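Notes follow the structure.
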Amino acid sequence: MTSRGVMLRVGVALVPAAAAATWCFGASVLANLAIAIAAGMALEAAWVWLRHRSLAAATDGSAPVTCALIALAAPPSLALGPLLFAVAVAVLLAKHLYGGLGRNVFNPAMVGYAAALVAYPTPFGDWDALTGATALDAMRFRDGATVAEAWGNDAFGAIGGRGFEIVNAAALLGGVWLCAMRVANWRFPAGVLASLGACAALGYDGGSSGSLGSPLFHWFAGGTMLAAFFIATDPVTAPATPAAQWLFGVLIGAVIFVIRAFGAWPDGIAFAVLFGNLAAPALDRLCLPR
Amino acid sequence: MASAVAELPLPAVLRYPLATPVGRFRPSAEDGARARLGDVIAERFEAGGGADAKPIEVLRAAASGRIERTPTALLLHPDGSAERAPPLQAPSLVERTLEAGIVGLGGAGYPTHLKLRQALERNAHALIVNAVECEAGVNADRALLNHHADDVLHGIHAVADALGAPRVTLAVSAPLPAAIDVATQVVDGPYPAGWERALTQRLLGVEAPPGGYPTDVGVLVLNVATVFAIGRAWRRGEPLTQRVVTVGQREFWVRIGHPVAELPLPPRVAIVGGPVTGWPADVDAAVGKTTRAVTPRPAVATSPCIRCGWCATACPQGLLPQELWHEIAAGRWAQTERLRLADCIECGACDLACPSQLPLLAALRHAKSQRMEAARRDRAANLARTRFEARNARLAARAEADRAKRANRLQAPRDWMRPRSADAPRSNQPDPEPHAP
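If you want it as structure tokens, here you go:
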């Protein structure tokens, strides 16, 4: 299998999640995907051409994956400006200014997403046009209601967020296939999901007004499965030693939970993954046998 | 069964480089002398062996012809005569193996008589005949079993008789088409399943000590080509002068010394060895005793490392080739030591696993040779420093002694200062003995 084959398989594994998102949130998801991927590839090709490099550096398949992840993580109603901004930051700044494929320290998709989230806070929080408040927001700002009372809000579905639970289930499906193909390392999603579940279980007391949502809710709300199977698994920005890979997943899961419980962002995945990237070299150093 | 293994025609010249990875050969044939097929033309001695040392490996002419000596190699110009040296005589198997010039033909090149002797000394209880092909695309071992099973069996019996009654296992990578009269085990594990340490562990459940060999735990592992050569030497008195080599896609009998440039291969840079573990051939490279294969070098397009870690999963030594790759590229040698570069067994499993087709093995080998050279320089520098410091200390001690002597002399009263007696001769010479204060 070649590196391009790896990227191709990641793309295939994203198809169920993309299809589910389109079905739940409308055709604008497809439009965002197409725009982001086209813009990302065009920017990369232009960059490589300007630097007089071989076009092979723009056809390794990593940019479409990055841009697809941005499009799937962003709200479908997102305007063109913030989307292109996120794509440009991801491809040019986070990937190529660091030296291109394999040399970036931070996950490009999450750098792009986080930069756009900071630059355009309102449109990025704006899932409302489609779903009303997201389930994560409804869970966080529920004015002392118990979880059961709050569940009357139509932001919720059967177990997670309405729509989000289906997208998460589809991402889980593609992600498990990716792990079974040995393209993604299973330790990352296992660490993320175990730690997010454990943190949620600690903060969940059966659904009182002070509790923070069950493990099941957290697994199937927001971008959990996308983060666990497709973002935390980017080997370039993750540790190499098995023990450090576990720690990396656990760290990301915990930070996702902390941001969701105590932060003000719509979800915690971008900053959690970037935090994990930051810690990855230290984790490797910690876990390498002396 | 496919047709028998073809023999390559005699080349215009056979070439025997004197400097080999295992040590240097000393020519025993004079320039211009005539050698018969099977005559000893060069010998290798243990490093540091004196003038009367016995050789640990001999090299025998693969054809009769005229010897030409160059500073780096022996050349043999075949004259087409079929004249042979007399058959081998040594009465014991160990001596016969040395006499035949047999070394580990699987690739290690370690003199087989030394290995046999160690196995005898340790009363080895098991013999593993290793026919697990070292890597995909190399079928030299298989060809021997398919076409020369009788001589392989002779070799197995010769070694087994010498050892007493060891448990004999023939390890193959795929079931044999015809039955052979030896307990056969199919070892179809992932590459490098044919590594002798992995094989011993898998077949017998015993592990060689770290840094040791299977012989240390009473297991003798011999490559099937080595066993075949022992069979020929023991039964027919034939020395080792040719071997089965995978040339491109086919197996041939090739004379040792056959120039790589004259093998039937497309005119591209060839790799001596298999497609994974081989080395790019020099222009004047020749087939040696340990050359299992000569492969045309494939054209590959590499892409950057994405740290997928598949090389680490594939590595039988549990190393992190992807991290080593980056550290080597950056020249951070201290880090390569921490990542246990020296533990690399150069199997090339990482190369096979890499989705970016990176030449990981070549990088690791390069780094290992760099580290060994640096270590050698360090040792030399340390030795020089120790000598220098010892010399300084010696000189300082001598100067100190001189100074002390001089100081004593100054303090000592000079004889001209002493009250002179009338008959004492006047002298300018200082008093030779310092006076006690």
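The listed protein sequences correspond, in order, to chains A and B.
Note that my numbering numbers the first sequence so that position 261 is 261, with each residue one more than the last.
Note that my numbering numbers the second sequence so that position 366 is 366, with each residue one more than the last.
Every residue, glycine too, gets a C-beta built ideally from N, C-alpha and C.
The structure displayed is predicted, hence computed values, not measured ones.
- The beta-carbon of B/Ala312 is placed less than 8 Å from the nearest beta-carbon of chain A.
- Against chain A, a Cβ distance below 9 Å from B/Pro210 picks out nothing, because the smallest value is about 14 Å.
- CA-to-CA, the gap between B/Thr70 and B/Pro111 works out to about 25 Å.
- Around A/Ile159, the same chain offers Glu165, Leu216 and Phe220 as residues with beta carbons nearer than 6 Å, after the five sequence neighbours per side are excluded.
- Under the three-state reduction of DSSP output, B/Ala171 falls in the strand class.
- Listed along chain B are Pro304, each with a C-beta nearer than 7 Å to that of A/Gly100.
- Annotation for B/Ile41: the continuous beta strand (DSSP E) segment containing it runs Val40 to Phe45.
- Close partners of A/Val6 in chain B (Cβ separation under 8 Å): Ile306, Cys308 and Pro355.
- The way I'd put it, the segment 225-236 of chain A does touch the segment 61-80 of chain A; three or more beta-carbon pairs between them come closer than 8 Å.
- Three or more beta-carbon pairs separated by less than 8 Å link the segment 320-329 of chain B to the segment 360-372 of chain B, which places the two stretches in contact.
- Of B/Asp39, B/Gln317 and B/Val287, the smallest CA-CA separation from B/Pro239 is found for B/Asp39.
- Under the Cβ criterion of 8 Å, B/Gln242 is not counted among the residues facing chain A.
- Scanning the segment 60-131 of chain A for uninterrupted alpha helix (DSSP H) segments of 4 residues or longer gives 62-73, 80-88, 108-119, 121-125 and 128-131, listed from N- to C-terminal end.
- Taking the C-beta atoms as reference points, A/Ala240 is found nearer than 8 Å to B/Ala312.
- Not flagged as an interface residue toward chain B: A/Thr146, since no C-beta distance is shorter than 8 Å.
- The beta-carbon of A/Leu69 is placed no less than 8 Å from the nearest beta-carbon of chain B.
- Those residues of the segment 228-261 of chain A placed with their C-beta closer than 8 Å to a C-beta in chain B are Pro235, Val236, Ala238, Ala240 and Thr241, ordered along the chain.
- Between A/Leu196 and A/Thr224, the gap from beta carbon to beta carbon is short of 8 Å.
- By the C-beta density criterion, A/Asp60 is buried, having at least 16 other C-beta atoms within 10 angstroms.
- Residues of the same chain with a CB within less than 8 Å of the CB of B/Ile41, apart from the 5 flanking positions on each side, are Tyr16, Pro27, Ser28, Ala29, Ala35, Leu59, Arg60, Ala61, Ile67, Leu74 and Leu76 in chain order.
- Apart from sequence neighbours up to five positions away, no residue of its chain approaches A/Arg103 with a beta-carbon distance below 7 Å.
- Taking 8 Å as the threshold, the shortest C-beta distance from A/Leu55 to chain B does not fall below it.
- Residue nearest to A/Gly81 within the set A/His96, A/Tyr113, A/Gly100 and A/Ser54 is A/Tyr113 (criterion: CA-CA distance).
- Below 8 Å, enough C-beta pairs join the segment 166-173 of chain B and the segment 122-136 of chain B to call them touching: three or more.
- One finds nothing in chain A with a Cβ atom closer than 7 Å to the Cβ of B/Arg394; even the nearest lies about 41 Å away.
- A/Gly222 is classed as buried because its beta carbon has at least 16 other beta carbons within 10 Å across all chains shown.
- Look at the segment 176-202 of chain A: the residues with a C-beta under 9 Å from a C-beta of chain B are Arg182, Val183 and Asn185.
- If you check the CB distance, B/Pro355 and A/Ser54 do not come in under 8 Å.
- Residue-level contact by beta carbon fails for B/Glu337 and chain A, as no gap is shorter than 8 Å.
- The alpha-carbon separation between A/Val258 and A/Gly268 amounts to approximately 8 Å.
- Residue pairing of B/Pro11 in beta bridges, as defined by DSSP: absent, with no partner found.
- B/Trp253 is bridged by DSSP to B/Glu7 and B/Val244.
- Judged by DSSP in its simplified three-state form, B/Arg379 adopts helix.
- When Cβ pairs closer than 8 Å are counted between the two stretches, the segment 246-261 of chain B is seen not to touch the segment 174-189 of chain B, the count staying below three.
- Pairing A/Val273 with A/Ala227 gives a Cβ-Cβ distance under 8 Å.
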